[in-house]
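Below is one structure, written out as C-alpha cells, with a few remarks after it.
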C-alpha cells in the first residue's frame with residue numbers, strides 16, 4: 006500500500022467524522038483546492054484506503070430489535086469459505102470473521118425477536134454443513150462505535 010502523507014491523513018480525519026461534508030469545506034479546512042481534495046479522495050479510494058461510504062441505518066427502525074454475536078465452531082477450518090458462501094444467503098447476517106480462539110468464526114446478526122433468532126440459529130446457522138456448534142451472545146446495548154483513529158503529525162495539527 007502506498008504511503009499516506011499528512012494531507013491524506015487530514016482529509017481522512019475530516020471525512021471519518023462526517024463523510025457527507027462537501028469537498029469545498031474539506032478543501033477550506035486543508036487550505037488546498039477543491040480539485041486537489043477530489044483527486045486525493047479518488048486516489049485513496051483507488052488505493053483501497055477508503056473502502057466505502059454510505060449511511061448507517063438503525064436496525065431497530067426496521068424492526069430488528071436483537072443484535073447477536075454468534076461464535077461458530079466448524080468441523081474443519083478449511084470449510085470456512087464454504088460456510089461464508091452459505092451465510093451470504095442469510096440477510097440478517099451483517100458481519101462474519103474468521104477468528105482464533107474458541108470459535109472458528111464470529112458472526113454478527115440481527116433478529117426481529119427471540120423467535121426469529123431461534124429460527125436463524127436452529128433452522129439456518131446450525132444446518133450449514135460443517136457447523137458443529139454455536140454459542141450465542143446477545144448485545145444488550147451498543148455503547149461505542151467509531152472508526153480507527155487517524156493520527157496526524159505535529160505539523161499537520163498546527164495547520
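In this note's numbering, the protein residues as written are 6 to 164.
Using N, Cα and C, we set each Cβ at its ideal position, and we do this for glycine too.
Query	Result
The segment 65-83 touching the segment 43-52, judged by at least three CB pairs closer than 8 Å	no
Residue 88 - DSSP class collapsed to helix/strand/coil	helix
Host alpha helix (DSSP H) of residue 32 (start-end)	28-35
Closest by C-alpha distance to residue 141, when choosing among 126, 28 and 102	126
Spatial neighbours of residue 102 in its chain, beta-carbon cut-off 6 Å, leaving aside the 5 residues before and after	111
At least 3 beta-carbon pairs within less than 8 Å: the segment 83-103 vs the segment 137-156	no
Buried/exposed call for residue 56, threshold 16 Cβ in 10 Å	exposed
Selected residue, minimal CA-CA separation from residue 153, among 39, 21, 34 and 29	21
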